[in-house]
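Engineer: Following this message is one structure expressed as structure tokens.
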Amino acid sequence: MQESAAHKIIRVSQGRSEHLQRPVVEEYPLRLRVNGKELATLVCSPHKLNFLLIGFFRLQGFISSLDEIQSLGVCSDFGLAEVRLNGELPERLQPTLTSGCGTGIAYNLPDQLLSEGKQRPRHYDSESLLRLMKELNDLTEQYRSHGGIHSAAIGDRDGVLMLHAEDIGRHNTLDRVAGEALFRGINLQDKMLVTSGRVSTEMVAKAARLGIGLLATRTSPTDKAIQLCEQAGITLVGYVRGGNMEVYSHSQQLRLNNNSERITGVTGVILAGGESRRMGSDKSLLPVAGARFIDHVYQRMASLFDEVVIVTNSPDLYNEIPCRKVPDIYYAQGSLAGVHSGLAHAKSEKIFVVGCDMPFISPAVVREICSHAAEGDLVIPHSSSGHEPLHALYSKACLPAMERVLDAGLKRILLFFDQVKLVELPASVVRQHDPQEKSFQNINTPEDYFRLRGTLVDEYEIELPLKRGNDNN
């Protein structure tokens with residue numbers, strides 16, 4: 001069936017007119033009759049209608065396998081699809097009109113979306129996402145020739161394109177790939193979905209039904225779409241163009257590759273084993289700016305180091321963060337034991353350590369500290385409050401000295417400093433990069449937390465009188 005036809009037009013350019021023929025996308029209304037009853041009229045593009053119909057039924061929750069379809073026939077001349085399903089449809093269907101192009105309709109749109117894989121960690125890579133979006137762009141020749149066509153593609157975590165569809169309605173493109181996947185027996189759980197159109201609630205609802213883990217668009221999402229992605233555990237990415245992107249939800253599931261700015265030869269270590277006595281609850285899990293403290297800290301550390309390790313005795317709390325979790329080797333012996341464990345487990349010879357409640361990490365300060373790595377076994381900055389051992393660089397040469405202190409039943413982290421080659425950075429050097437010393441601020445009490453809640457975790461925007469992260473115990 002022809003999908004576009006030549007249409008006579010008059011083109012006006014720079015005051016001159018000319019008569020031309022231009023291809024125009026066809027808008028095809030398809031009446032849908034199910035079990036003898038009129039259900040809906042789908043406005044779509046007139047190709048591969050079997051995939052569209054199967055996907056429509058699947059994403060409305062009417063079927064979950066091909067075995068539930070007794071028969072499916074399409075009369076293209078009359079724009080009619082006759083479908084016979086096992087069992088009966090509900091007597092009263094409640095349609096939800098959506099913002100999708102082509103009068104999108106969603107039946108059974110749930111109030112809260114929970115995809116099947118929400119409780120499993122999902123790990124994606126920004127380079128793979130960019131590859132998949134580029135392949136979608138390369139395939140979308142129809143979009144370039146006459147406009148008005150949306151496209152979508154499904155890819156695996158390596159960015160390999162598995163399915164592709166085009167239609168005048170962006171919601172129809174997802175119906176098409178869902179139908180083809182069911183027809184071909186392709187499992188879409190945790191796959192990436194990229195689309196050319198705006199992401200609305202309807203697109204999120206359909207993606208969640210399929211178990212999609214990452215949803216990306218060349219344009220923007222709506223506010224409700226962002227909310228639903230948060231509920232469904234879906235990483236939502238917008239404005240994926242030319243190597244750029246904006247992450248709206250569950251950013252901890254997307255590794256942002258920026259290798260040219262990575263610090264080589266150093267492992268980033270996040271300490272998440274504290275007892276949080278003064279806070280009264282686990283500080284790492286407290287929400288701020290749409291995510292947990294530890295999510296913000298991890299995202300910054302992952303942008304700086306090729307390997308990030310979380311030292312924790314409760315790894316299940318951080319399943320969705322895509323890095324190794326390691327326990328204390330010396331159990332419950334304070335931050336010294338945490339640094340020791342991170343150092344012992346790190347693949348690199350050196351580690352850079354931060355606490356899980358230190359969201360003001362300055363890349364410039366971290367780079368300054370790491371630039372002195374060759375000068376000693378331990379590079380520790382000073383602030384106006386003294387040593388800052390939870391924002392410092394440690395080498396594996398420190399391990400024997402640490403173990404002597406820990407074996408003696410001692411916890412104070414400063415006790416091994418005189419046994420290693422120590423490099424101390426003056427506060428004046430730190431203040432060149434971080435004049436207010438916010439890098440060393442952490443959250444210790446409920447009062448600290450409530451002052452922070454509701455603000456953006458950005459070292460250039462937050463001005464709060466928080467406590468220092470010293471460990472002098």
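In full-length UniProt numbering, the protein residues as written are 1 to 473. A virtual CB, placed ideally from N, CA and C, is assigned to each residue, including glycine. These numbers come from a predicted model, not from an experiment.
1) Roughly how many whole angstroms lie between the Cα atoms of THR219 and SER196?
2) Using only the alpha-carbon positions, how far apart do LYS283 and ASN86 sit?
3) Ignoring anything shorter than 4 residues, give me the alpha helix (DSSP H) runs that lie fully in the region 141–183, in order along the chain.
4) Going by other Cβ atoms of all chains shown within 10 Å of its Cβ, with 16 needed for buried, is PHE293 buried or exposed?
5) Between the Cα of VAL266 and those of GLU349, ASN244 and GLN299, spot the shortest distance and give me the residue it belongs to.
6) Buried or exposed: PHE62, going by 16 or more other Cβ atoms within 10 Å of its Cβ?
7) Is LYS191 buried or exposed, if buried means 16 or more other CB atoms sit within 10 Å of its CB?
8) So does the region 439–450 actually touch the region 353–360, counting three or more Cβ pairs closer than 8 Å?
9) Taking the CB atoms as reference points, tell me whether LEU390 and LEU378 lie closer together than 8 Å.
10) Below 8 Å on the Cβ atoms is my contact criterion, and I expect LEU343 with LYS396 to pass it. Report the Cβ-Cβ distance as a whole number of Å.
11) Along the alpha helix (DSSP H) that carries SER335, what are the first and last residues, could you check?
12) Please go through the same chain and pick out, in chain order, the residues whose beta-carbon is closer than 7 Å to the beta-carbon of GLN70, but skip the five residues on each side of it.
13) Can the beta-carbon of HIS171 be found less than 8 Å from the beta-carbon of MET203?
14) Spell out a yes or no on whether the region 324–340 and the region 406–423 are touching, meaning 3 or more CB-CB pairs, one atom from each, closer than 8 Å.
15) Tell me the residue span of the beta strand (DSSP E) that contains HIS382.
16) What residue range is occupied by the uninterrupted alpha helix (DSSP H) comprising PHE293?
17) By the DSSP assignment, the alpha helix (DSSP H) with LYS224 in it spans what residues?
18) Taking just the CA atoms, how far does LEU182 sit from SER65?
19) Quick check: is any heavy atom of the ligand ATP less than 7 Å from the C-beta of ILE321?
20) Please name the residue in ALA165, GLY185, ARG184 and SER383 whose C-alpha comes closest to that of VAL177.
21) Just tell me which of PRO46, SER428 and HIS387 has its CA closest to the CA of LEU415.
22) Starting from the Cα of LEU30, find the closest Cα among GLY73, LEU80 and LEU52 and give me that residue.
23) DSSP has HIS387 in a bridge; who is on the other side?
24) Starting from PHE352, follow the beta strand (DSSP E) in both directions and report where the run begins and ends.
Structural biologist: Working from what's here:
1) Here residue 219 refers to the residue found at position 219 when the sequence shown is read from its first residue. Here residue 196 refers to the residue found at position 196 when the sequence shown is read from its first residue. Cα atoms of THR219 and SER196: separation of roughly 7 Å, rounded to the nearest angstrom.
2) Numbered from its first residue, the sequence shown carries residue 283 at position 283. Numbered from its first residue, the sequence shown carries residue 86 at position 86. LYS283 and ASN86 have their alpha carbons spaced roughly 52 Å apart.
3) List check, alpha helix (DSSP H) in window: 141–146.
4) For the purposes of this step, residue 293 is taken as the residue at position 293 of the sequence shown. Per the 10 Å Cβ criterion, buried.
5) Residue mapping note: residue 266 aligns to position 266 of the sequence shown, counting from 1. With distances taken between Cα atoms, VAL266 lies closest to GLU349.
6) Reading the sequence shown from its first residue, position 62 is the one you call residue 62. With 16 or more other Cβ atoms within 10 Å, it is buried.
7) For the purposes of this step, residue 191 is taken as residue 191 along the sequence shown, with counting starting at 1. A buried status is given to LYS191, since no fewer than 16 other beta-carbon atoms sit within 10 Å of its beta-carbon.
8) A contact exists between the region 439–450 and the region 353–360.
9) In the sequence shown, residue 390 corresponds to position 390, counting from 1. In the sequence shown, residue 378 corresponds to position 378, counting from 1. If you check the CB distance, LEU390 and LEU378 do not come in under 8 Å.
10) Start at 1 with the first residue of the sequence shown, and residue 343 comes out as number 343. Start at 1 with the first residue of the sequence shown, and residue 396 comes out as number 396. That pair is a contact at about 6 Å.
11) Working through the sequence shown from its first residue, we reach residue 335 at position 335. Note, SER335: alpha helix (DSSP H), 334–345.
12) Here the question's residue 70 lines up with position 70 in the sequence shown. So the qualifying residues of the chain are ARG84, LEU85 and ASN86.
13) Locating residue 171 in the sequence shown gives position 171, counting from the first residue. Locating residue 203 in the sequence shown gives position 203, counting from the first residue. Taking 8 Å as the Cβ cut-off, HIS171 and MET203 qualify as a contacting pair.
14) In short, these stretches touch, since the Cβ pair count reaches three.
15) Numbered from its first residue, the sequence shown carries residue 382 at position 382. First-last of the beta strand (DSSP E) with HIS382: 378–383.
16) Locating residue 293 in the sequence shown gives position 293, counting from the first residue. Here the alpha helix (DSSP H) through PHE293 covers 293–304.
17) Working through the sequence shown from its first residue, we reach residue 224 at position 224. Unbroken alpha helix (DSSP H) run through LYS224: 223–232.
18) On the sequence shown, residue 65 is found 65 positions in, with the first residue counted as 1. On the sequence shown, residue 182 is found 182 positions in, with the first residue counted as 1. Roughly 7 Å separates the two Cα atoms.
19) In the structure on display, the ligand ATP does not appear, and there are no ligands present to speak of.
20) In the sequence shown, counting from the first residue as 1, residue 177 sits at position 177. If you compare the alpha carbons of ALA165, GLY185, ARG184 and SER383 with that of VAL177, the shortest gap goes to ALA165.
21) To locate residue 415, count along the sequence shown from 1; it is residue 415. For LEU415, the closest of PRO46, SER428 and HIS387 by C-alpha to C-alpha distance is HIS387.
22) Within the sequence shown, numbered from 1, the residue matching residue 30 stands at position 30. For LEU30, the nearest C-alpha among the options comes from LEU80.
23) Locating residue 387 in the sequence shown gives position 387, where the first residue counts as 1. BP columns for HIS387 point to HIS382.
24) Stepping through the sequence shown from its first residue, residue 352 is reached at position 352. Start and end: 350–355.
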